[in-house]
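First up is the structure itself, then whatever we jot down about it.
Below, the structure written as structure tokens:
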């Protein structure tokens, strides 16, 4: 694994030249040398994904206010969001007209045994309780979409926790994405940052060992037939796909920046992968937001 300690360090073994980025002033007090101290499972996940997606930069998110301010400034510069002047810290995001909702027809559960994922009626009747895809077809779908999809972009590494970090019921994940909008949104919807990385160095409460997390890979994509139609909101609606591999605790999403398809801690983790983990560990997964 290449040395990531220095800002601008070349990640030469991961395909293209990749450089680390930090928000100015956002380093944690302990000055965690982020990637070099990551658990091996996370290092491997990042390395494999960098080879596949070929981003130009790599940014490990620390969840700080300075980082969030930097990303919001970037989103404003790209016109991804516009400020709403009557409210503090309030913005409007205008998506592509073709990227405005979840796409159930392109959302798949990928397992070895089809019956583990969906109901299989007799005869030619199609089941109505989900979409199944074989692991082999899922790998082909990834191979058709992801190679080089992050060229010219930054890959953001988002360590996140579903629930309070000190709760035995919380689950950890790491999402890799090329969308700064996703990073800012995940900061609202989950707990992200350096403290989650530190938690990854501790044994999992469910007996999964040190460094256990759900892997989540996301890219807004590049249209295969030409340039991005809406530069402020890149997406590839013709090839959007959301894949879940419950046997491996993996989520792969391509082609959409819409929250339900791109914030992979939501439906993908909390409901779909969460249900699989719950089945293994003997509890019930529910999906909701409690607001006070």
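In this note's numbering, the protein residues as written are 259 to 550.
Backbone N, C-alpha and C fix where the C-beta goes; we use that ideal spot for every residue, glycine too.
- Looking at the backbone, the Cα of residue 421 and that of residue 382 are separated by about 42 Å.
- Taking every protein chain shown into account, the CB of residue 541 has fewer than 16 other CB atoms within 10 angstroms, so this residue is exposed.
- For residue 452, the enclosing alpha helix (DSSP H) has its first and last residue at 452–458.
- Annotation for residue 490: 336, 337, 338 and 352 place their beta carbon closer than 8 Å to its own, counting only its chain and skipping 5 residues before and after.
- For residue 428, there is no enclosing alpha helix (DSSP H), as DSSP gives it neither H nor E.
- Closest in C-alpha terms to residue 449, from the list 429, 460, 436 and 435, comes 429.
- About 4 Å separates the beta carbon of residue 500 from that of residue 365, a gap short enough to meet the 8 Å contact definition.
- With a cutoff of 8 Å on beta-carbon distance, residue 498 and residue 358 are scored as not near each other.
- Taking C-beta separations shorter than 7 Å and ignoring five residues to either side along the sequence, the partners of residue 510 in its chain run 400, 475 and 501, following chain order.
- Membership of residue 394 in the alpha helix (DSSP H) is indicated by the continuous run 393–403.
- For the options 518, 523, 506 and 380, the alpha carbon positioned closest to that of residue 433 is the one of 523.
- Residue range 508–512 is occupied by the beta strand (DSSP E) that includes residue 512.
- If you draw a straight line from the Cα of residue 394 to the Cα of residue 544, it comes to about 30 Å.
- Note: residue 542 is not bridge-paired with any residue in the DSSP secondary-structure output.
- In this structure, DSSP gives residue 300 a helical state, which the three-state scheme calls helix.
- DSSP, read as helix, strand or coil, puts residue 329 in helix.
- Nearest to residue 320 by alpha-carbon distance, out of 307, 417, 331 and 368, is 417.
- Boundaries of the beta strand (DSSP E) harbouring residue 419: 412–420, taken from the DSSP string.
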